[in-house]
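Residue numbers (our numbering): 1485 to 2019.
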């Protein structure tokens, strides 16, 4: 059928895409491979937990189906929802396109390329949990004492995940296509992404995530999606419907075929239609101004260059948002209490300072990329280069940290001394964090780009720089903020025999002093590294 991909071409393209992905994985750094190993360990733990749960479920179904009947429809509903949303998301950011697209499209029809992407995408997106669920199918059959349950449960898992993926892929392709055709989306896609992230973060910290997910699961459970449970338990549950099991298999074939056709059509429109590019405003990247008079012409030039680079490719700063999830606990506590708790302002001050340092100074040499030799011969000294980066970070992060942490502190029950110390920390720590990050970043530089999507590569700090900077900053600056919480200050005051106010001020002084010492040493390391490069 000409409307469908050629199976042979699709398999070859999928195998090639998976081979490329494997080579990229093997080429990662030791730290990145270690993180992959951690994910694998979690996968093994998930497999063991799923197998044990399936074994117990099989025993329960065999002995008393009524006890687990409420879960029989929920499991396929949750699995279908997860697979569909994951497929749509990953199609938008990576799975919906291919690196060598022009080469493929001049060799085989677009539908064959889409077929290869569908096969490879299913393995990459669904393989994380399909393989554990197939193991769980074995455990379910053993628990139920029914060998026939194994092929039926495995068929249910494969049919459900494949169908959900084939529905999610065209949804993601449609979103990507609309994004490529809208000048407004192309221009403000970073803002849109930030809004989506903040909304997701708020759903988690406010405890309302389940209020959004539950209605979706209810709809899925009330739909024929729940019939996959009849297919999986047909051999052991007397009430399982053979008609529903057969209908869901036929429905999977029909819906999957429709998903393939929709994926082909949408991908062709996306690939063969010229994309809209976001318009760039005329910008003089080295224009003089007030900053020149405050810090000097060359440091100001370095700072403006960093801001311009971030404005043109804001996705390079996305990694600074990851640790924001550490604020989940204090934010949740404030939401549940209906007011700003005492722990939230110091936590925000600490995170804001960390973010300030990570934004522009955690990879000074690597961020320059191909223009590093030009910067080196421009006459900028190491002190001016590092100073400009610190200014870029501090001007960006210090006011933001002060505004958010200070505002929260005013609305919190912090005592006056702790409030004042939190405000001081929100002003001082961002500057010290930027200086501290500079030396760590030059000690552990990263020059190679990292794939953040199928078509985007950016240079981000190395995992070593990320880890060392975070650890050093938390062990020093964390003292200045942690003891601003009244409970911590009271414990420290009782331990050393001073007043709570003295504990607040003393912790701030010690934390700032330790961070300042590390920042001073770090700046010297960064200056020497740049000067050695230009020597």
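Where is the CB? At the ideal position from N, CA and C, for every residue including glycine. Treat the numbers as computed from the prediction; the structure is a model and nothing was measured.
Contact set for residue i: own chain, Cβ-Cβ below 6 Å, skip 5 residues either direction
{"i": "residue 1689", "result": "1812, 1815, 1816"}
{"i": "residue 1770", "result": "No answer about residue 1770 holds up, because its pLDDT of 48 lies below 50 and its placement is not dependable."}
{"i": "residue 1614", "result": "1645"}
{"i": "residue 1752", "result": "1594"}
{"i": "residue 1440", "result": "Any question about residue 1440 goes unanswered here, given that the chain covers just 1485 to 2019."}
{"i": "residue 1729", "result": "1714, 1715, 1718"}
{"i": "residue 1748", "result": "1595, 1598"}
{"i": "residue 1844", "result": "1790, 1873, 1876, 1877"}
For residue j and residue i, believed in contact at Cβ under 8 Å, the rounded distance
{"i": "residue 1849", "j": "residue 1927", "result": "That belief does not hold up - the Cβ atoms of residue 1849 and residue 1927 are roughly 10 Å apart, past 8 Å."}
{"i": "residue 1676", "j": "residue 1600", "result": "Residue 1676 to residue 1600, Cβ: 30 Å. No contact."}
{"i": "residue 1668", "j": "residue 1638", "result": "Actually they are not in contact, since the Cβ atoms of residue 1668 and residue 1638 sit about 46 Å apart, beyond 8 Å."}
{"i": "residue 1704", "j": "residue 1576", "result": "Contact flag wrong, Cβ pair sits at about 21 Å."}
{"i": "residue 1582", "j": "residue 1501", "result": "7 Å"}
{"i": "residue 1787", "j": "residue 1775", "result": "7 Å"}
8 Å Cβ shell around residue i - same chain, five flanking residues per side excluded
{"i": "residue 1701", "result": "1558, 1561, 1562, 1565"}
{"i": "residue 1612", "result": "1527"}
{"i": "residue 1818", "result": "1824, 1825, 1828"}
{"i": "residue 1505", "result": "1604, 1608"}
Check whether residue i and residue j have beta carbons under 8 Å apart
{"i": "residue 1917", "j": "residue 1961", "result": "yes"}
{"i": "residue 1975", "j": "residue 1983", "result": "no"}
{"i": "residue 1571", "j": "residue 1681", "result": "no"}
{"i": "residue 1715", "j": "residue 1636", "result": "yes"}
{"i": "residue 1623", "j": "residue 1731", "result": "no"}
{"i": "residue 1656", "j": "residue 1580", "result": "yes"}
{"i": "residue 1643", "j": "residue 1712", "result": "yes"}
{"i": "residue 1877", "j": "residue 1923", "result": "no"}
{"i": "residue 1915", "j": "residue 1886", "result": "no"}
{"i": "residue 1826", "j": "residue 1896", "result": "yes"}
{"i": "residue 1904", "j": "residue 1836", "result": "no"}
{"i": "residue 1970", "j": "residue 1902", "result": "yes"}
{"i": "residue 1490", "j": "residue 1596", "result": "yes"}
{"i": "residue 1953", "j": "residue 1943", "result": "no"}
{"i": "residue 1654", "j": "residue 1531", "result": "no"}
{"i": "residue 2011", "j": "residue 1870", "result": "yes"}
{"i": "residue 1872", "j": "residue 1783", "result": "yes"}
{"i": "residue 1569", "j": "residue 1652", "result": "yes"}
{"i": "residue 1968", "j": "residue 1807", "result": "no"}
{"i": "residue 1487", "j": "residue 1750", "result": "no"}
{"i": "residue 1509", "j": "residue 1520", "result": "yes"}
{"i": "residue 1735", "j": "residue 1699", "result": "no"}
Nonlocal neighbours in the same chain, by C-beta distance under 7 Å from residue i, ignoring five residues either side
{"i": "residue 1919", "result": "1874, 2003, 2006, 2007"}
{"i": "residue 1545", "result": "1552, 1628, 1717, 1720, 1721"}
{"i": "residue 1912", "result": "1996"}
{"i": "residue 1603", "result": "1494, 1495, 1498"}
{"i": "residue 1634", "result": "1621, 1622, 1625"}
{"i": "residue 2009", "result": "1923, 1926, 1927"}
{"i": "residue 1584", "result": "none"}
{"i": "residue 1737", "result": "none"}
{"i": "residue 1988", "result": "1901, 1902, 1905, 1967, 1968, 1973"}
Residue i: CB within 7 Å of a non-hydrogen atom of the ligand GDP
{"i": "residue 1728", "result": "This structure simply doesn't include the ligand GDP, nor any ligand for that matter."}
Pick from the options that is closest to residue i, judged by C-alpha positions
{"i": "residue 1696", "options": "1957, 1684, 1706", "result": "1684"}
{"i": "residue 1792", "options": "1880, 1932, 1703", "result": "1880"}
{"i": "residue 1993", "options": "1740, 1948, 1909", "result": "1909"}
{"i": "residue 1742", "options": "1948, 1902, 1955, 1649", "result": "1649"}
{"i": "residue 1567", "options": "1606, 1988, 1491", "result": "1606"}
{"i": "residue 1678", "options": "1737, 1802, 1534", "result": "1802"}
{"i": "residue 1548", "options": "1723, 1790, 1735, 1990", "result": "1723"}
{"i": "residue 1665", "options": "1755, 1740, 2011", "result": "1755"}
{"i": "residue 1846", "options": "1900, 1781, 1947, 1555", "result": "1947"}
{"i": "residue 2015", "options": "1972, 1973, 1867", "result": "1867"}
{"i": "residue 1964", "options": "1986, 1775, 1749", "result": "1986"}
{"i": "residue 1574", "options": "1748, 1591, 1658, 1590", "result": "1658"}
{"i": "residue 1832", "options": "1809, 1843, 1853", "result": "1809"}
{"i": "residue 1733", "options": "1534, 1647, 1779", "result": "1647"}
{"i": "residue 1839", "options": "1856, 1883, 1525, 2013", "result": "1883"}
{"i": "residue 1821", "options": "1691, 1794, 1776, 1708", "result": "1691"}
{"i": "residue 1958", "options": "1945, 1921, 1988", "result": "1921"}
{"i": "residue 1798", "options": "1856, 1671, 1735", "result": "1671"}
{"i": "residue 1945", "options": "1990, 1740, 1852, 1862", "result": "1852"}
{"i": "residue 1855", "options": "1536, 1790, 1779", "result": "1790"}
- Scan the segment 1866-1914 and note each continuous alpha helix (DSSP H) run of 4 residues or more that stays entirely inside, going in chain order. 1866-1895
- Which whole runs of the alpha helix (DSSP H) in the segment 1554-1606 are 4 residues long or more, in chain order? 1585-1589
- Message: At 4 residues or longer, what runs of the alpha helix (DSSP H) sit wholly inside the segment 1671-1753?
- Response: 1693-1706, 1711-1716
- Query: Which ranges does the alpha helix (DSSP H) cover as unbroken runs of at least 4 residues, wholly within the segment 1810-1849, from first to last along the chain?
  - Reply: 1812-1821, 1828-1844
- Query: What are the complete alpha helix (DSSP H) segments, minimum 4 residues, inside the segment 1922-1979?
  - Reply: 1947-1966
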